[in-house]
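In the working numbering, the protein residues as written are 250 to 577.
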């Protein structure tokens with residue numbers, strides 16, 4: 250026990266890292282092993298309840314961080330958690346597009362999302378570890394991250410919403426060209442053994458369920474290119490960066506099932522996220538111009554909340570049903 254308390258890993262005691270990992274493993278085991286042992290269709294009520302639990306746990310962990318590391322760290326964690334959770338909403342739009350394209354039934358979507366998010370946890374750990382090493386060795390990398398966020402936000406505002414045709418996606422084309430892919434789903438299986446059409450021999454086929462999983466993993470890597478620099482622009486503490494990231498990702502499955510049917514009501518959320526990325530990226534330059542050591546964490550949290558709340562409320566107002574039943 251003294252070893253865990255006294256030994257530091259990436260700036261924080263080992264017991265804090267092991268405690269966090271234990272919470273994540275317990276949540277994943279409870280989710281897959283107890284709540285979703287069978288492939289049932291997840292309803293809105295269940296997904297809303299799970300989303301509330303995951304959000305409460307994420308914010309509750311912020312209270313733990315506040316108690317252990319101080320108010321500054323606590324505010325930075327909560328800001329990071331809110332930003333990462335908000336950026337994850339953009340991921341929900343892409344996931345919905347992928348499931349629609351491959352016609353994945355709701356009772357199988359949870360299996361894809363579970364393994365997709367498990368892969369995301371590992372990939373984020375690698376990317377955050379690499380980012381932390383870069384920032385520690387070369388502090389000026391933060392300015393590159395900040396400039397990248399500003400450019401990404403401006404690009405999002407400029408391009409707006411442009412849906413992609415997954416049939417022309419290079420990854421889908423590559424998978425279909427290099428692997429044998431079935432035309433139909435085979436239950437919850439990612440792979441299936443069946444006779445080759447030419448030789449008649451039993452071979453392994455990839456199912457559309459696996460193609461959906463691959464695209465979701467790639468989509469998370471693409472979104473991580475935005476989200477990882479965003480969290481490093483808020484805090485450079487690897488513990489705060491990773492824990493806020495993972496708590497935001499853990500509830501993504503439940504969040505997807507809660508929001509999938511009403512995504513059209515958040516039509517202007519992407520614009521709010523774009524503005525948020527510009528704000529986060531500009532904080533480092535603003536702090537330097539004003540001679541501050543760091544942009545105040547409480548201000549950052551307040552502005553972040555204001556931008557996101559404005560985007561959500563404006564979206565709900567613009568897409569409200571009218572008396573004639575037509576959406577405005």
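Positions of the beta carbon are idealized from the N, C-alpha and C atoms, including for glycine. Since we're looking at a predicted model, the values are computed, not measured.
Where does residue 401 sit, in a helix, a strand or coil, going by DSSP?
helix
TODO: Starting from residue 442, follow the beta strand (DSSP E) in both directions and report where the run begins and ends.
DONE: 440-444
Item to complete: Inspect the CB distances between the region 500-513 and the region 338-355 and report whether three or more fall short of 8 Å.
Response: yes
Where the beta strand (DSSP E) through residue 453 begins and ends | 451-455
Practice prompt. Kindly provide the ranges of any beta strand (DSSP E) runs that are 3 or more residues long and lie completely inside the region 297-331, ordered along the chain.
Written response: none
Original post:
Under three-state DSSP, which class holds residue 258?
Top reply: strand
Q. Is residue 570 helix, strand or coil when you go by DSSP?
A. strand
Residue 430 vs residue 460 beta-carbon contact at 8 Å
yes
Taking just the CA atoms, how far does residue 525 sit from residue 399?
9 Å
Would you tell me roughly how many angstroms separate the C-alpha atoms of residue 337 and residue 450, rounded to the nearest one?
43 Å
Residues near residue 266 in its chain [Cβ-Cβ closer than 6 Å; skip 5 each side]: 258
Q: For the alpha helix (DSSP H) holding residue 385, just list the boundary residues, first then last.
A: 355-386
(Q) Tell me the rounded alpha-carbon separation between residue 403 and residue 475. (A) 13 Å
I need the straight-line Cα distance from residue 202 to residue 354, nearest angstrom please. Not covered by the structure: residue 202. The range shown for the chain is 250 to 577.
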